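Reading through the structure tokens given below for one structure.
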Amino acid sequence: MNDTQTSVHYPKPPRPVLILANAIATTILRSPWHRMRSDRLLLLTFTGRKSGKEFTTPMRYVQEGETLRLRVVRSPWWKNLVGEATVHVLLRGEMRTGTAEVLPEEDGEVVVKVHLTE
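Numbering (this note's numbering), first residue to last: 362 to 479.
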């Protein structure tokens with residue numbers, strides 16, 4: 362960011378709104394109509410470190426070759442990915458496997474890099 366830009370943080374939406382929005386995005390991304398959103402969104406599936414339970418969440422991404430960059434804002438779930446966790450992504454209708462790399466940033470946000478392996 363340069364001196365004229367400022368970071369804008371919006372209030373986090375209420376939990377029911379997030380649940381509904383994630384359910385809609387997940388349904389679209391798993392459907393034949395995924396192209397409406399899959400240029401910007403993917404489904405990230407990972408395993409909880411303590412629970413062993415599988416979680417899937419829609420994420421915005423930027424692709425750089427075989428690496429995906431995901432930004433996590435105000436949410437602690439990324440801690441499940443510390444230590445190069447194996448993850449699965451539904452990327453443009455195709456299931457891929459990768460290794461997650463967590464990169465904390467100075468502003469408290471986190472970038473997760475997913476290095477695709479399959």
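Glycine included, C-beta positions come from ideal geometry on N, C-alpha and C.
The structure displayed is predicted, hence computed values, not measured ones.
Can you tell me where the alpha helix (DSSP H) holding residue i begins and where it ends?
i: Ala-384; result: 376-390
From which residue to which residue does the beta strand (DSSP E) around residue i run?
i: Thr-478; result: Premise fails: Thr-478 is in no beta strand (DSSP E) and is neither H nor E.
i: Met-456; result: 455-465
Quick check on residue i: buried or exposed, where buried means 16 or more other Cβ atoms within 10 Å of its Cβ?
i: Met-420; result: buried
i: Trp-439; result: buried
i: Gly-409; result: exposed
i: Leu-442; result: buried
i: Val-378; result: exposed
i: Val-423; result: exposed
i: Gly-469; result: exposed
i: Gly-454; result: exposed
So, helix, strand or coil for residue i, using DSSP?
i: Pro-419; result: strand
i: Arg-430; result: strand
i: Arg-396; result: helix
i: Lys-373; result: coil
i: Met-362; result: Any reading at Met-362 must be qualified, since the residue scores a pLDDT of 46, below 50, and its modelled position is unreliable; no value is offered.
i: Lys-411; result: coil
Per DSSP, residue i is paired with what?
i: Leu-405; result: Thr-418 and Val-450
i: Val-425; result: The question names Val, but residue 425 is Glu in the sequence shown. Looking at the DSSP assignment, Glu-425 forms a beta bridge with Thr-428.
i: Val-471; result: Val-433 and Pro-465
At a threshold of 7 Å, does residue i count as lining the ligand ZN (C-beta to nearest heavy atom)?
i: Pro-419; result: Because no ligand of any kind appears in the structure shown, any question about the ligand ZN cannot be addressed here.
**OP:** Give a yes or no on contact between the region 448-457 and the region 390-410, applying the rule of three or more CB pairs nearer than 8 Å.
**Re:** yes
**OP:** Take every Cβ of the region 425-433, pair it with every Cβ of the region 471-479, and state whether three or more of those distances are shorter than 8 Å.
**Re:** yes
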